[in-house]
Amino acid sequence: MSIPRSASLLFQRFPQLSPFTANSHPVSRSGQQAPKFLSNFLSLRCSSCKHIAGGHLRLMFTAAEASSDLVVNHDVENKMFFIKLAGESEKAVLEYEVLGPDIVNLYHTGVPVSQRGKGIAKVLAKVALEHFASQGTNMKLTCTYLQKYFQENPSPEYRDRILDL
Numbered sequence: 001m002s003i004p005r006s007a008s009l010l011f012q013r014f015p016q017l018s019p020f021t022a023n024s025h026p027v028s029r030s031g032q033q034a035p036k037f038l039s040n041f042l043s044l045r046c047s048s049c050k051h052i053a054g055g056h057l058r059l060m061f062t063a064a065e066a067s068s069d070l071v072v073n074h075d076v077e078n079k080m081f082f083i084k085l086a087g088e089s090e091k092a093v094l095e096y097e098v099l100g101p102d103i104v105n106l107y108h109t110g111v112p113v114s115q116r117g118k119g120i121a122k123v124l125a126k127v128a129l130e131h132f133a134s135q136g137t138n139m140k141l142t143c144t145y146l147q148k149y150f151q152e153n154p155s156p157e158y159r160d161r162i163l164d165l
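Structure follows, in structure tokens:
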């Protein structure tokens, strides 16, 4: 079974989505699976981030920095991005607060001690910064890890959206 054209376009526009998941149904870049949810998922209105029922976004990343596939969840209601880690009771989190209609404060990134140094916080940072930049949201970085990440990775995708540190 091959990946539908709409999924191929999604992969082209968002190369970081490799592979992509929602509702625990993987789609591989090689076209191994193409679940039924995909057409409904792609029809959602948000142009850069797909909000699934309950305000959650699930993306699976194959991160060069990480040792395995990571599923990044965006819990809009609780204002956090998080990754559930296998074998851990805690999850890796990036928390934020909404300061106004077009501004957020990214104030905390945390990874369980046993999982530090594996690039997990880097994946959370990249996803959050790209998400808010794509929404036209300005970002205040009060988390020291995110300040460091931004200084080391001043991507043009979100550079203009970062408020003075």
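For the sequence shown, UniProt numbering begins at 1 and goes up steadily by one.
Built from N, CA and C at the ideal position, the CB exists for glycine as well.
Nonlocal neighbours in the same chain, by C-beta distance under 6 Å from residue i, ignoring five residues either side
{"i": "GLN135", "result": "none"}
{"i": "SER30", "result": "Residue placement at SER30 is flagged as unreliable, the pLDDT there being 39, under the threshold of 50; the coordinate-derived value follows with that caveat. Cβ within range, chain order: n/a, list empty."}
{"i": "TYR158", "result": "LEU129 and ALA133"}
{"i": "GLU90", "result": "PRO112"}
{"i": "PRO154", "result": "none"}
Sub-8 Å separation of residue i and residue j beta-carbons
{"i": "PHE82", "j": "VAL93", "result": "yes"}
{"i": "GLU95", "j": "LYS118", "result": "no"}
Residues near residue i by beta carbon distance below 8 Å, same chain, minus five either side
{"i": "THR137", "result": "ASP102, ILE103, VAL104 and ARG161"}
Same chain only: Cβ atoms within 7 Å of residue i, ignoring 5 sequence neighbours per side
{"i": "PHE150", "result": "LEU141 and ILE162"}
{"i": "CYS143", "result": "LEU106, TYR107, HIS108 and THR109"}
{"i": "SER67", "result": "Residue placement at SER67 is flagged as unreliable, the pLDDT there being 41, under the threshold of 50; the coordinate-derived value follows with that caveat. Result list for SER67: LYS118, in chain order."}
{"i": "ILE120", "result": "ALA66, LEU70, ILE83, ALA92 and VAL111"}
Option nearest residue i by Cα separation, candidates the options
{"i": "MET139", "options": "GLY100, GLY110 and PRO112", "result": "GLY100"}
{"i": "LEU70", "options": "VAL76, ASN78 and ALA86", "result": "ALA86"}
{"i": "HIS108", "options": "ASN153, ASP164, PRO156 and TYR145", "result": "TYR145"}
{"i": "LEU106", "options": "GLY119, LYS148, SER155 and GLU152", "result": "LYS148"}
{"i": "GLU88", "options": "GLU95, GLY119, GLN115 and PRO154", "result": "GLN115"}
Heavy atom of the ligand FAD within 7 Å of residue i beta-carbon
{"i": "GLY136", "result": "Because no ligand of any kind appears in the structure shown, any question about the ligand FAD cannot be addressed here."}
Chain B within 8 Å of residue i, Cβ atoms only
{"i": "PHE81", "result": "Here chain B cannot be found, since the structure has a single protein chain."}
- [ ] Taking only runs that begin and end inside the UniProt domain "N-acetyltransferase" (73 to 163), name each unbroken beta strand (DSSP E) of 3 or more residues, in chain order.
- [x] 80 to 84, 91 to 100, 103 to 110 and 138 to 141
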